[in-house]
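According to this note's numbering, the sequence shown holds residues 270 to 483 in order.
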Amino acid sequence: MKTALVTGATRGLGRALALDLAARGYRVFGTGLHPDRLADLGQHVDAIRSDITSAEANDALAELVGPVDLVVHNAGVLGPRVSLDRYPRSEFERVMSANATGPFDLTARLQLNPGAVLIFLSSGVGNQTRADWGAYCVSKHALEAIAGIYAKELTDQLVYVVDPGGMRTEMRAAAYPDEDPMTLVTPEDNLAVFQHLLQTRPPTDTRYKAKDFR
Ligand SMILES: NC(=O)c1ccc[n+]([C@@H]2O[C@H](COP(=O)([O-])OP(=O)(O)OC[C@H]3O[C@@H](n4cnc5c(N)ncnc54)[C@H](OP(=O)(O)O)[C@@H]3O)[C@@H](O)[C@H]2O)c1
Numbered sequence: 270m271k272t273a274l275v276t277g278a279t280r281g282l283g284r285a286l287a288l289d290l291a292a293r294g295y296r297v298f299g300t301g302l303h304p305d306r307l308a309d310l311g312q313h314v315d316a317i318r319s320d321i322t323s324a325e326a327n328d329a330l331a332e333l334v335g336p337v338d339l340v341v342h343n344a345g346v347l348g349p350r351v352s353l354d355r356y357p358r359s360e361f362e363r364v365m366s367a368n369a370t371g372p373f374d375l376t377a378r379l380q381l382n383p384g385a386v387l388i389f390l391s392s393g394v395g396n397q398t399r400a401d402w403g404a405y406c407v408s409k410h411a412l413e414a415i416a417g418i419y420a421k422e423l424t425d426q427l428v429y430v431v432d433p434g435g436m437r438t439e440m441r442a443a444a445y446p447d448e449d450p451m452t453l454v455t456p457e458d459n460l461a462v463f464q465h466l467l468q469t470r471p472p473t474d475t476r477y478k479a480k481d482f483r
């Protein structure tokens, strides 16, 4: 049985993907922060409270999970939607820690099986800048660079970046409070890109958009 680790599996895309992978026969470890949401993941996902921003937690998580065949770096935070000149430094550091430093750190601590697949969840602002996206934009650029470097350094593993696009999740609602969520695709609508990557194992170090696989 293959082992998968999905960070940020308590809701949104991470939850949909963790449940889908479990249904496809993976042993799935799913992380998050809120205990009630972790409990709600059900019996088919090993739910673990683990903070991606904590080196100690990442160490313990790597130890607990053991050798892995699939890592999905999905956990993320949005941070304030304000201009850089008004962006609080503490918030900048919090967002960078969750969205970039954490995935770098956890990857380095994990025992990756030969042939393992690593998927980093980026964003439309991961390879272009946009006003008022602050540390989220910076952190996703950094995440794509981290993925790119791992792709070149990890010769026995495959590394991909996925941009899921706008989805009906809490993060999107926080970013666009005036938007009607019913106009957006659900996380479940976005799962085909992951199956494509896992089944066809295309060349590494490439950026994929979920909308191209719906
Ligand atoms: N939604 C969109 O439209 C959209 C668009 C482009 C890219 N993305 C990216 O796609 C990914 C999933 O987005 P989403 O909308 O599904 O997000 P979401 O609904 O906000 O869920 C975020 C997940 O990350 C977890 N998380 C947050 N901070 C964490 C931490 N410090 N340690 C561990 N887990 C933590 C949350 O756990 P708790 O519930 O326990 O807090 C939750 O499971 C993110 O990387 C996001 O940047 C999303």
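Quick reminder that beta carbons are idealized off the backbone N, C-alpha and C, glycines included.
Just so we're clear, the structure is a prediction, and the values are computed from it rather than from any experiment.
Proximal residues to A326 (C-beta, below 7 Å), its chain only, five neighbours per side dropped: For the purposes of this step, residue 326 is taken as residue 57 along the sequence shown, with counting starting at 1. Excluding sequence neighbours, A326 sits near S319, D320.
Nearest residue (CA-CA) to M440, options P456, L274, D425: Residue numbering aside, residue 440 sits at position 171 when the sequence shown is read from its first letter. Ranking the options by Cα distance to M440, first place goes to P456.
Backbone secondary structure at N343 - three-state DSSP: Against the sequence shown, residue 343 aligns to sequence position 74. Note: N343 maps to coil in three-state DSSP.
Ligand 1 heavy atom lying under 6 Å from the CB of L390: Counting from one through the sequence shown, the residue named residue 390 turns up at place 121. Yes; taking the cut-off as 6 Å, the Cβ of L390 has a heavy atom of ligand 1 nearer than that.
Beta-bridge pairing of F389 - partner residues as DSSP gives them: The count along the sequence shown starts at 1 and reaches residue 389 at position 120. In DSSP, F389 forms a bridge with H342, V430.
Other residues of its chain near F482: CB distance less than 7 Å, five sequence neighbours each side excluded: Along the sequence shown, one-based indexing puts residue 482 at 213. Once the five neighbours on either side are set aside, the close Cβ partners of F482 are A461, V462, H465.
Segment contact, 8 Å Cβ cut-off, at least three pairs: the stretch 402-411 with the stretch 347-363: yes
L274 vs V346 beta-carbon contact at 7 Å: Indexing the sequence shown from 1 puts residue 274 at position 5. Indexing the sequence shown from 1 puts residue 346 at position 77. Result no, Cβ atoms of L274 and V346 do not sit closer than 7 Å.
Through-space distance from L412 to R350, alpha-carbon basis: Here the question's residue 350 lines up with position 81 in the sequence shown. Here the question's residue 412 lines up with position 143 in the sequence shown. Each residue's alpha carbon lies about 19 Å from the other.
Whether G294 touches A278 by CB criterion (7 Å): For the purposes of this step, residue 294 is taken as residue 25 along the sequence shown, with counting starting at 1. For the purposes of this step, residue 278 is taken as residue 9 along the sequence shown, with counting starting at 1. No, the Cβ-Cβ distance between G294 and A278 is not below 7 Å.
The stretch 441-452 contacting the stretch 413-421, beta-carbon criterion three pairs below 8 Å: Not touching, per the Cβ criterion.
Where R476 sits in the DSSP three-state scheme: Residue numbering aside, residue 476 sits at position 207 when the sequence shown is read from its first letter. Looking at R476 - three-state DSSP - the assignment turns out to be strand.
Beta-carbon proximity of D328 to R399, cut-off 7 Å: Position 59 of the sequence shown, counted from the start, is the residue given in the question as residue 328. Position 130 of the sequence shown, counted from the start, is the residue given in the question as residue 399. Result no, Cβ atoms of D328 and R399 do not sit closer than 7 Å.
7 Å CB neighbourhood of D374 in its chain, flanking five on each side removed: Position 105 of the sequence shown holds residue 374. Taken in chain order, the residues that qualify are A324, N327.
Residue of Y429, H410, D458, I388 minimising C-alpha distance to N343: Numbered from its first residue, the sequence shown carries residue 343 at position 74. Scanning Y429, H410, D458, I388 for the CA closest to the CA of N343 turns up I388.
Boundaries (first-last residue) of the alpha helix (DSSP H) holding F463: As a first step, residue 463 must be located in the sequence shown, where it is residue number 194. Unbroken alpha helix (DSSP H) run through F463: 461-469.
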